[in-house]
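Numbering (the working numbering), first residue to last: 220 to 505.
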């Protein structure tokens, strides 16, 4: 009986998570966040793109230009501005909606508190993180579709054909550089996933605290820019305080991108636990 009971709880948690993920990924907020991020990335590098689209680049583009353009777009002010807002769109209001609609009174007696809490925290984090992660790759795909055909122009192809005598070592160095650029892009995409999860959880936490849908969307943006202002004006040496530094870590980090990823991951876990605790407290009034 004890074994069956534990399996039943696990199954209920998995089923609750599947339901919440389906609800989150199918929402208008998730779709809007993915597309909105890609649009922001395009606007961020519009100054670099327009001359190319207007035909002013007669000599063609350097190899790997689309990947480097993708990386540059992730550093722009436009992307950094909308990031906390987009991360909050998919699922931050779920608990407030359930609480105000009295849905919890019907759900909790059948499924229990633990499956509900685990699924809400996990779905909030995953939906916010994946919205930005997929937004990064949507922008990369669009850049590659537009600019990769321009990277090897006929003149360049003839030049490359005339340079077949180049050493294998130089070719290996070029391949290594391309691999490093792609690795950098993947690392930054992972940072955006973690940041999206963090700010989505922040929105859910403040929504549970205030029981306000407005705070679910506004609190990530407010808290994000409070940290930016503090780090830029009052604590300039405390680089770990800046959420923009988390997304584009400088050489000050011991482990580079992965050092920033560790910090953001730890913060997401702490905020997720706080979110679960606040939901549990609010459930007493349900």
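The C-beta atom is built at its ideal place from N, Cα and C for all residues, glycine as well.
Own chain, CB closer than 6 Å to residue i, minus 5 neighbours either side, in chain order
i: residue 462; result: 443 and 446
i: residue 272; result: none
i: residue 359; result: 289
i: residue 493; result: 424
i: residue 248; result: 308 and 309
i: residue 464; result: 458
i: residue 299; result: 463
i: residue 239; result: 338 and 342
Cβ-Cβ distance between residue i and residue j below 7 Å
i: residue 354; j: residue 261; result: no
i: residue 410; j: residue 466; result: yes
i: residue 243; j: residue 346; result: yes
i: residue 417; j: residue 350; result: no
i: residue 341; j: residue 415; result: no
i: residue 412; j: residue 348; result: yes
i: residue 292; j: residue 264; result: yes
i: residue 259; j: residue 301; result: yes
i: residue 314; j: residue 502; result: no
i: residue 323; j: residue 317; result: yes
i: residue 352; j: residue 435; result: no
i: residue 476; j: residue 406; result: yes
Spatial neighbours of residue i in its chain, beta-carbon cut-off 7 Å, leaving aside the 5 residues before and after
i: residue 421; result: 438, 439, 442 and 490
i: residue 362; result: 285, 288 and 289
i: residue 449; result: 460
i: residue 471; result: 458
Which of helix, strand or coil DSSP assigns to residue i
i: residue 439; result: helix
i: residue 509; result: Nothing in the structure corresponds to residue 509, since the chain is present only between 220 and 505.
i: residue 321; result: coil
i: residue 281; result: coil
i: residue 264; result: coil
i: residue 390; result: Note that residue 390 has pLDDT 43, beneath the 50 cutoff, so the model's placement of it is unreliable and the number below is only indicative. Correct three-state label for residue 390: helix.
i: residue 503; result: coil
i: residue 311; result: coil
i: residue 367; result: helix
i: residue 183; result: It is not possible to answer for residue 183, since the shown part of the chain is limited to 220 through 505.
i: residue 332; result: helix
i: residue 491; result: helix
i: residue 454; result: coil
i: residue 461; result: coil
i: residue 294; result: coil
i: residue 273; result: coil
i: residue 245; result: coil
i: residue 375; result: Here residue 375 scores only 48 on pLDDT, less than 50, and its place in the model should not be relied on; the value that follows carries that caveat. Looking at residue 375 - three-state DSSP - the assignment turns out to be helix.
i: residue 478; result: helix
i: residue 338; result: helix
i: residue 289; result: helix
i: residue 431; result: coil
8 Å CB neighbourhood of residue i in its chain, flanking five on each side removed
i: residue 366; result: 271, 280, 284, 285 and 288
i: residue 432; result: 312, 315, 316 and 426
i: residue 400; result: 283, 286, 287 and 290
i: residue 332; result: 499 and 502
i: residue 385; result: Interpretation of residue 385 is limited by its pLDDT of 45, a score under 50 that renders its predicted location unreliable; the figure taken from the coordinates is listed afterwards. Taken in chain order, the list of residues that qualify is empty.
i: residue 430; result: 315, 318, 319 and 501
i: residue 269; result: none
i: residue 200; result: As displayed, the chain neither begins before 220 nor continues past 505, which places residue 200 out of reach and without an answer.
i: residue 483; result: 410, 413, 414, 417 and 465
i: residue 428; result: 434 and 497
Chain B within 7 Å of residue i, Cβ atoms only
i: residue 245; result: Absence of chain B from the displayed structure is noted, only one protein chain being present.
Any non-hydrogen atom of the ligand PLP within 6 Å of residue i CB
i: residue 420; result: This structure lacks the ligand PLP; in fact it carries no ligand of any kind.
Does the stretch 452-460 touch the stretch 335-342, meaning 3 or more C-beta pairs lie closer than 8 Å?
These segments do not touch.
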